[in-house]
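Residue numbering for the sequence shown follows numbering that gives the first Met the number 0, beginning at 0 and increasing consecutively.
Comments concern the structure below.
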Amino acid sequence: MRRRVEVGVPHEPQNRMRACAALLVLLFVAQVATLQLRGQSTASVTLVKAARLLDPRTGNVLAPAAVLIEGDKVKQVGPSAQLTAPAGSRIIDLAAETLLPGLIDSHTHLFLDIIVPPELEQHRHYNGLFAPGMVLAIIESPSKRVLMGAQLAREDLDSGITTVRNLGHSGVDGDTELRDAINACRVPGPRILASGRKLITRGSYVQNLNPALADAILQQEFLLIDGADQARQAVRRNAFQNVDVIKVTADENLTVAELTAVTEEAHREHLKVAVHAVDGRSIQTAIDARADSIEHGNEATDEQVKQMRDKGIFLDMTPTFNDFFYLKVTEPSIVISPASRADAVSRNRRRKQQYDQLVQRVLKSGVKFAAGSDMCWFYPGKSRGQASVGTLIKLRDAGMPPLDVIRAITLSAAEMLGWQDRIGTIEPGKFADLIAVAGDPVGDVTELEHVRFVMKGGEVIRNSVAPPRQVLNGATR
Ligand SMILES: [Zn+2]
């Protein structure tokens, strides 16, 4: 007998289908509403106008300029007289400002905010390898640490840094989780390339720990390499955690065979390898094992710089010695004796000289380079973003022309990260990551310390220039 379908009570499967369809519509509407609440209108169009636009690739300045943005990507760039904003577009007129791509900090540590300890404390504990500030960061609550990372990420973004590569010191999964939380719009911050745990040999960091606890503490921050097999395993563990890059610290314990195992395994996983190497021997290990970038490279010889150029290895310069790193201890809020203060200043002078010479040799050599702040310190009176940008532009004090400094933290950095198709310039198809400054950053690179407008992926993060307006009736220019 056929089942009777009563009027007004639809057949059950049909009923379920309708309920599902209604639910899907509701979910879609809710999702669109949520995205709009978060400032990610699904198909929003924005026209940003400014007096000038700097192209770091050519050094050319377009004046006056406009950028048409659809969703989170740049659609068109050109003279403002030639770009048309369709009806309903948002117009942001930055008047006399100079637009340039969002900044990239290729080497940072968002989960470290070490305080220079008072002098007596340093003398009592500090043996150069114990590093109490770092131990404290590792053993403190990971929740507390990741919340601090979120704060420092926001401070970077506010200063115009729209992408960072976080190279270790983020606990077990701090940077991969913060990256995902930012991408899901849970917290504001720059795009993050996360390295997960740093690969080290035993002895590179925080020595003299309680032997009964040492491994448990070290595993919260590092993956230990002891032989080529373990090196491969370490890469696989990080790959399983969905990292974007592998970070290794090369010291005299690390062999070329171990590091080659890392680079081979990482490249198989389509991951680049960034190697911390400061002294000549470590730099040679990194070159021989075909690292993708050498971080710091302070003591690189001319011959090594040439080898890097020939193999296409990037030098990621970290100008922390240029009137910044050691001069932090001259801050009046840090307790230190006049003698130690004077000693720190003179050490800084020597290291600055060495670094200035490196910058000059690098510029002459033709090796590819980018720059990172290596910022991991609490700097009194400055946000993390201010301290980072302040460090990056110190390359100018080492004699680097401003346009090269700007390239090192935009275009070249994007290439080093392997993201040259996404960021680093303001071009159609790339993310709409833009900043604006009042003056001419090529004439005076310190303009970058006073960013007045920040946009990330089409979303306005900061605008202290002018409020946006809406085009309601018809197209306008
Ligand atoms: Zn570092």
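Built from N, CA and C at the ideal position, the CB exists for glycine as well.
Predicted model, so just to flag it, every value in this text is computed and none were measured.
Taking 8 Å as the cut-off, is the C-beta of residue i nearer than that to any heavy atom in ligand 1?
i, result
"residue 174", "no"
"residue 294", "yes"
"residue 184", "no"
"residue 214", "no"
"residue 478", "Any property of residue 478 remains undetermined from this structure, which presents the chain solely from 0 to 476."
"residue 317", "yes"
"residue 108", "yes"
"residue 275", "yes"
"residue 373", "yes"
"residue 170", "no"
"residue 380", "no"
"residue 167", "yes"
Are the CB atoms of residue j and residue i within a distance shorter than 9 Å?
i, j, result
"residue 433", "residue 188", "no"
"residue 444", "residue 383", "no"
"residue 279", "residue 294", "no"
"residue 103", "residue 398", "no"
"residue 64", "residue 77", "yes"
"residue 243", "residue 193", "yes"
"residue 148", "residue 172", "no"
"residue 145", "residue 97", "no"
"residue 134", "residue 427", "no"
"residue 165", "residue 129", "no"
"residue 367", "residue 312", "yes"
"residue 314", "residue 245", "no"
"residue 291", "residue 415", "yes"
"residue 257", "residue 235", "no"
"residue 91", "residue 45", "yes"
"residue 99", "residue 440", "yes"
"residue 113", "residue 205", "no"
"residue 69", "residue 105", "no"
"residue 274", "residue 300", "no"
Evaluate residue i with the Cβ neighbour count: other Cβ atoms within 10 Å of its Cβ, from every protein chain shown; 16 or more gives buried, anything less gives exposed.
i, result
"residue 466", "exposed"
"residue 336", "exposed"
"residue 57", "exposed"
"residue 200", "buried"
"residue 237", "buried"
"residue 158", "buried"
"residue 334", "exposed"
"residue 505", "Absent from the model: residue 505. The displayed extent of the chain is 0 to 476, so no value can be given."
"residue 215", "exposed"
"residue 167", "buried"
"residue 142", "exposed"
"residue 264", "buried"
"residue 481", "Outside the displayed span of the chain (0 to 476) sits residue 481, for which this structure offers no information."
"residue 20", "Its pLDDT being 46, under 50, residue 20 is placed unreliably by the model, and nothing is read from it."
"residue 239", "exposed"
"residue 302", "exposed"
I think residue i touches residue j, with their Cβ atoms under 8 Å apart; what is that distance to the nearest whole Å?
i, j, result
"residue 67", "residue 82", "5 Å"
"residue 372", "residue 409", "Wrong, their Cβ atoms sit about 14 Å apart, outside the cutoff."
"residue 364", "residue 305", "6 Å"
"residue 407", "residue 369", "5 Å"
"residue 272", "residue 262", "5 Å"
"residue 211", "residue 260", "Contact flag wrong, Cβ pair sits at about 30 Å."
"residue 170", "residue 220", "7 Å"
"residue 95", "residue 50", "5 Å"
"residue 374", "residue 107", "5 Å"
"residue 71", "residue 431", "6 Å"
Tell me the rounded alpha-carbon separation between residue i and residue j.
i, j, result
"residue 456", "residue 449", "21 Å"
"residue 342", "residue 348", "10 Å"
"residue 154", "residue 417", "25 Å"
"residue 339", "residue 115", "13 Å"
"residue 356", "residue 390", "17 Å"
"residue 163", "residue 429", "16 Å"
"residue 38", "residue 232", "In this prediction, residue 38 scores a pLDDT of 43, lower than 50, which makes its location untrustworthy; no coordinate-derived value is stated."
"residue 421", "residue 413", "8 Å"
"residue 54", "residue 48", "15 Å"
"residue 223", "residue 190", "28 Å"
"residue 195", "residue 454", "27 Å"
"residue 288", "residue 442", "40 Å"
"residue 310", "residue 447", "32 Å"
"residue 351", "residue 131", "26 Å"
"residue 460", "residue 89", "15 Å"
"residue 385", "residue 183", "25 Å"
Is there at least one Cβ from chain C nearer than 9 Å to residue i's Cβ?
i, result
"residue 61", "Any reference to chain C falls outside this structure, which holds one protein chain only."
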